[in-house]
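Reading through the structure tokens given below for one structure.
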Amino acid sequence: MRYLLESTVVLKGGFVDKINIILNEGPNTMRSWNGIRLASGLLDVNLETVVVLFDEAVFCAKKAQNPPDDLEGLNLGRKLSDLIKIGVKILVCGSCCQARGVAKEELIDGIEICCLTDVANSIKTGKQTLVF
Numbered sequence: 119m120r121y122l123l124e125s126t127v128v129l130k131g132g133f134v135d136k137i138n139i140i141l142n143e144g145p146n147t148m149r150s151w152n153g154i155r156l157a158s159g160l161l162d163v164n165l166e167t168v169v170v171l172f173d174e175a176v177f178c179a180k181k182a183q184n185p186p187d188d189l190e191g192l193n194l195g196r197k198l199s200d201l202i203k204i205g206v207k208i209l210v211c212g213s214c215c216q217a218r219g220v221a222k223e224e225l226i227d228g229i230e231i232c233c234l235t236d237v238a239n240s241i242k243t244g245k246q247t248l249v250f
């Protein structure tokens with residue numbers, strides 16, 4: 119069941135405010151999965167959403183994830199691709215990728231490699247930042 123904010127006033131551009139979600143854990147945790155699920159829900163209430171992947175969370179954005187059939191719902195690469203298609207901006211820390219040997223070519227399409235200044239600017243212009 120979803121509850122929508124009744125007092126929401128949509129501003130020009132369709133979004134009320136911007137929120138950042140920072141993920142630090144890899145695709146094998148429910149914490150990252152819940153952060154990605156929340157990103158989808160935030161669009162439902164007209165919040166511009168930016169997801170930032172740090173540390174082990176960079177592995178959430180890898181192509182060709184292949185979890186067992188009974189865990190297909192944990193394919194976070196597919197979930198991130200779906201978010202990109204509906205307008206969520208996904209940033210991946212370039213230094214974190216480099217430290218883990220993850221090349222840009224290994225990441226799903228639409229991912230943006232970023233630096234800390236990019237993240238700082240997103241936080242500065244956002245209303246809130248949630249860390250998972």
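Counting in our numbering, the final residue of the sequence shown is number 250, and the numbers go up one at a time with none missing.
The C-beta atom is built at its ideal place from N, Cα and C for all residues, glycine as well.
Since this is a predicted model, take the numbers as computed values, not measurements.
| Query | Result |
| --- | --- |
| Which one or two residues does DSSP pair with Leu248 in a beta bridge? | Ile139 |
| Drop a sphere of 10 angstroms on the beta-carbon of Thr243, count the other beta-carbons inside from all chains shown, and report buried for 16 or more, exposed for fewer. | exposed |
| First and last residue of the alpha helix (DSSP H) that includes Thr243? | 234–243 |
| Counting along the chain, where does the beta strand (DSSP E) carrying Leu165 start and finish? | 165–171 |
| Assuming contact is defined by CB atoms lying nearer than 9 Å, are Ile208 and Glu230 in contact in what I supplied? | yes |
| Buried or exposed: which applies to Lys203, given that a residue is buried once 16 or more other Cβ atoms fall within 10 Å of its Cβ? | exposed |
| I'd like the list of long-range same chain contacts for Val210, defined as Cβ closer than 6 Å, with 5 residues on each side in sequence excluded. | Leu171, Val176, Ala179, Ile229, Ile231 |
| Does the distance from the C-beta atom of Ile140 to that of Leu234 stay below 9 Å? | no |
| Looking at Ile226 and Leu198, is the spacing between their C-beta atoms short of 9 Å? | yes |
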